[in-house]
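Undergrad: Right, I'll just put the structure down here and ask away after.
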Amino acid sequence: MSLPLTSHAAAIPIDRFTQTLKICVDREEEQAQDFEPSRITSLKMDLRAIQEVEAMEGYASDADFDELLFVPKVQSFLANPRHDSQEVKAFWLMARIRYLALFTRPQRAYIIQTSDRLAYKPSLLMAELYRLPAIADRVRLLSRLSYRDFTAFIAETDKRKLPLKADGGVFLSSIAFNKQNSEVRQSTRRTFLAR
Amino acid sequence: MESLLKNLTETSKVIDAEVLAKYRQFASVTDARKWVRKELSHLASTALGPASQVGQNTWFKHLYANLRLLYVIQMGEAALLTQLPSSLYDSQGAEVDILDILTEKTEWDRLCKIGTGTYEMFFHRMRAMAVLGLTLTASPDDYVVKFCTEYTRFNTPRAMMEAQKKWPSFLVSLQTSLKTSPLVEVPIKTIVNTPSQQVVAVPPKTIRRSSLSVGRERVVSFSAVLGLLIVCGVVLWGGPTWKRAEQIKEPSHSTPEASVAVVAPSPVVKATPSRKVEPSPTATVSTQERAGFYVIGLASREEASARFEVQKHQQEGLNPRLVYSSNWSGLTPNYYQVVYGIFENRGDTTSLRKELEKRGIKTYVMHSGQRVRQ
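In order, the protein sequence lines correspond to chains A and B.
With the numbering used here applied, the first sequence closes on residue 195, and no number is skipped along the way.
With the numbering used here applied, the second sequence closes on residue 374, and no number is skipped along the way.
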């Protein structure tokens, strides 16, 4: 499927979060590009985020992410080790709106069409996320994820009862007891420590 | 198109109720599918002229109702009864939910998907597509790009103006998509001689007649002779029949059958050369509105839907009549009913109902009671 917006892609800044995400992509999952239900849901959620951005009638700046941390809902979401689907949806929308508002309209179209086709390995993504010391940066990283990837990621952290604002040490101790899959444990630890 | 916006939620409920009532009329799923097939074929061949806005609106509603009925046939009544009302959906949801339709692969699958939502959702979705100038042939990616880059088109009142402007052509595109349906029977086009074909003059001597063409001519002349014989026979035998038909046309209506629209066109009348060819002698007889047993087909709360049904069956050679039920004490009030015949006795309705059933028209009989309003 061709994307008619590739000319606008060049204008999208490749920041450290984008670079980080590149190494977490699950290449096997990426192959599946058909419109399976989860991908449609992701796209629809992105369109809803764009509706909100349009309702704002303007563009946001990167500093707006910092403001998010003062929102009580966001604070509790980051602190809680368990989340229900409504909370996940609300948090993702808030973060995504601020991310998409940084771009022009064609760039938004490009971003949502490309991000919904990616799939990340949750364990690798966790390693990358918990490496970031600033909570605002973690929110920035999460805002780059499509809804599908975000829900998969939150399911993983919830399974381990890890709050998003937990520090790196807590994350390391959580994977240390993952005896069921030693390979994942080792690779995740290596990623976390090496970078 | 603006008229479609009026009482949208109410209309949505009414259509669902009508679809459910219609579904319950069918004896089997096969009957229902047959009926939908016929309706969709008719909708696919209806001329959507720009002059008649009412006609376009009715066509739009009928398309939805049939797609909805198809959905009920596939999923059962429960699917309709358990559906959330449109009011519970996001007000901007329709613009986003178009993706659900466009991710289906074929145009027909996309149309079928329409039936899964309420009429209100259908209308909003289709309007959003018209606003962006897209049709059911668009890819999901095209829609996403248009949505993101031309979002300002959704802003009112611009959206309304855009939709109004593009609505007629959008309906035509819907009809084109409908024609891709495996359920639609596309009529075979008759071959018409173009002027260029007529201009080409080949000298008769140069044409070498094949044995096939000679044989065909013989068959044609034999058919002509046979036809003449049939016509003569018909004139001799059909004379009294025609006279009887003429008597029926008289306003006196001495017998109950006089006011009945007979379904099958009579070949007798067609064959009479001296008369004007009619599809059926009794088809021209109006079912004068009077007290009696009514053979009722469609009953709709919307006049336009019922009128559409009447016109459709008139084109098929029947003579239905539109009756407003509130005018009669015995009928359920506030319905526009398509009445195919009025009889003195219930027993007399049987033959007409059988004829109508052969044509796939389900009917029921009710006594009108007394006239309550003029």
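All C-beta atoms in this analysis are idealised placements derived from N, C-alpha and C, irrespective of residue type, glycine included.
These numbers come from a predicted model, not from an experiment.
Report the rounded CA-to-CA distance for B:Arg290 versus B:Lys362, giving the unit in angstroms.
TA: Taking the straight line from one Cα to the other gives about 22 Å.
Undergrad: Tell me, which residues are paired with B:Met121 by DSSP?
TA: In the DSSP output, where bridge partners are listed per residue, B:Met121 has none listed.
Undergrad: Check each residue of the stretch 46–62 of chain A: if its Cβ is closer than 7 Å to any Cβ of chain B, include it; give the result in chain order.
TA: Listed by position, the residues of the stretch 46–62 of chain A near chain B (Cβ gap below 7 Å) are Leu47, Arg48, Ile50, Gln51 and Glu54.
Undergrad: What is the DSSP secondary structure of B:Ala299, counted as helix, strand or coil?
TA: Looking at B:Ala299 - three-state DSSP - the assignment turns out to be strand.
Undergrad: Going by beta-carbon coordinates alone, are A:Val25 and A:Leu100 separated by less than 8 Å?
TA: Against a cut-off of 8 Å, the Cβ pair of A:Leu100 and A:Val25 comes out as no contact.
Undergrad: Relative to the C-alpha of B:Gly55, which residue among B:Gly297, B:Gly369, B:Tyr364 and B:Leu171 is closest?
TA: Ranking B:Gly297, B:Gly369, B:Tyr364 and B:Leu171 by Cα distance to B:Gly55 puts B:Leu171 first.
Undergrad: For the beta strand (DSSP E) containing B:Leu322, name the first residue and the last one.
TA: Its beta strand (DSSP E) spans residues Arg321 to Tyr324.
Undergrad: Considering only C-alpha positions, which residue in the set B:Lys38, B:Lys113 and B:His124 is nearest to B:Met160?
TA: Looking at the Cα atoms, B:His124 is the closest of the given residues.
Undergrad: What are the boundary residues of the alpha helix (DSSP H) that B:Tyr23 is part of?
TA: Start and end: Leu8 to Gln25.
Undergrad: Does any CB atom of chain B fall closer than 8 Å to the CB of A:Arg108?
TA: Interface residue, yes.
Undergrad: Answer with buried or exposed for A:Gly169, where buried requires no fewer than 16 other C-beta atoms within 10 angstroms of its C-beta.
TA: A:Gly169 is exposed by the Cβ-count criterion.
Undergrad: Following the continuous beta strand (DSSP E) through B:His367, name the residue where it begins and the one where it ends.
TA: Start and end: Tyr364 to His367.
Undergrad: Applying the 10 Å Cβ sphere with the 16-neighbour rule, what's the burial state of B:Tyr364?
TA: It counts as exposed.
Undergrad: Rank A:Lys73, A:Phe77, A:Tyr147 and A:Arg96 by C-alpha distance to the C-alpha of A:Leu164 and give the top, closest one.
TA: Checking every option, the nearest Cα to that of A:Leu164 belongs to A:Phe77.
Undergrad: Given a cut-off of 8 Å, decide if B:Glu104 and B:Thr9 are closer than it, judged by their beta-carbon atoms.
TA: The answer is no: Cβ separation not under 8 Å.
Undergrad: Would you call B:Asp16 buried or exposed, if buried means 16 or more other Cβ atoms sit within 10 Å of its Cβ?
TA: When all chains shown are included, B:Asp16 counts as buried.
Undergrad: Could you please give the first and the last residue of the uninterrupted beta strand (DSSP E) stretch that includes B:Phe343?
TA: Segment Tyr336 to Phe343, the beta strand (DSSP E) holding B:Phe343.
Undergrad: What does DSSP give as the partner residues of B:Val29 in its beta bridges?
TA: According to DSSP, B:Val29 bridges with nothing at all.
Undergrad: Between the stretch 17–37 of chain B and the stretch 147–156 of chain B, are three or more C-beta pairs nearer than 8 Å?
TA: At 8 Å Cβ cutoff, the stretches do not touch.
Undergrad: In angstroms with no decimal places, state the Cα-to-Cα distance between A:Thr104 and B:Pro333.
TA: Between A:Thr104 and B:Pro333, the C-alpha separation is close to 57 Å.
Undergrad: Is the Cβ of A:Leu69 closer than 8 Å to any Cβ of chain B?
TA: Chain B contact via Cβ: absent.
Undergrad: Cβ of A:Leu93 less than 8 Å from any chain B Cβ?
TA: It does not; no Cβ of chain B falls within 8 Å.
Undergrad: Report yes or no: is there a C-beta of chain A within less than 8 Å of the C-beta of B:Val148?
TA: The amino acid occupying residue 148 of chain B in the given sequence is Cys; Val does not appear at that position. Yes - at least one Cβ of chain A is within 8 Å of the one on B:Cys148.
Undergrad: Note down, in chain order, each residue of its chain lying with its Cβ closer than 7 Å to the Cβ of B:Thr46, except the 5 sequence neighbours on either side.
TA: Taken in chain order, the residues that qualify are Trp59.
Undergrad: The alpha helix (DSSP H) with B:Gln175 in it runs from where to where?
TA: Per DSSP, B:Gln175 belongs to the alpha helix (DSSP H) from Arg158 to Leu178.
Undergrad: At a Cβ cut of 7 Å, what residues of the stretch 126–159 of chain B count as close to chain A, listed as they run along the chain?
TA: Correct list: Pro140, Asp141, Val144, Val145, Phe147, Cys148, Thr149 and Tyr151.
Undergrad: How about B:Ser305: is its Cβ closer than 7 Å to a heavy atom in the ligand SAH?
TA: Looking for the ligand SAH in the displayed structure turns up nothing, as the structure carries no ligands at all.
Undergrad: With a threshold of 8 Å between beta carbons, is A:Arg98 in contact with chain B?
TA: Chain B contact via Cβ: absent.
Undergrad: Along chain A, in chain order, which residues have C-beta atoms closer than 8 Å to that of B:Thr9?
TA: Result: empty, since nearest Cβ-Cβ is about 22 Å, beyond 8 Å.
Undergrad: Compute the beta-carbon to beta-carbon distance between B:Leu132 and B:Leu63, rounded to the nearest angstrom, for a pair I have assumed lies under 8 Å.
TA: At roughly 20 Å, the Cβ-Cβ gap does not stay under 8 Å, so B:Leu132 and B:Leu63 are not in contact.
Undergrad: From the DSSP output, in three-state form, read off B:Arg290 for me.
TA: B:Arg290 falls in the coil class under three-state DSSP.
Undergrad: Can you grab the Cα-Cα spacing for the pair B:Lys358 / B:Ser368, in whole Å?
TA: About 25 Å.
Undergrad: Assess contact between the stretch 86–98 of chain A and the stretch 143–155 of chain A, defined as three or more Cβ pairs (one per stretch) separated by less than 8 Å. Is contact present?
TA: Yes: the two stretches touch, three or more of their Cβ pairs being nearer than 8 Å.
Undergrad: Does the beta-carbon of A:Thr157 have 16 or more other beta-carbons within 10 angstroms, so that it is buried, or is it exposed?
TA: Result: buried.
Undergrad: Check each candidate in A:Asp15, A:Ser174 and A:Ile23 and name the one with the smallest Cα separation from A:Lys161.
TA: The shortest Cα separation from A:Lys161 among A:Asp15, A:Ser174 and A:Ile23 belongs to A:Ser174.
Undergrad: Look at the alpha carbon of A:Gln51 and the alpha carbon of A:Ile112, and state the distance between them as a whole number of angstroms.
TA: Distance between the alpha carbons of A:Gln51 and A:Ile112: 13 Å.
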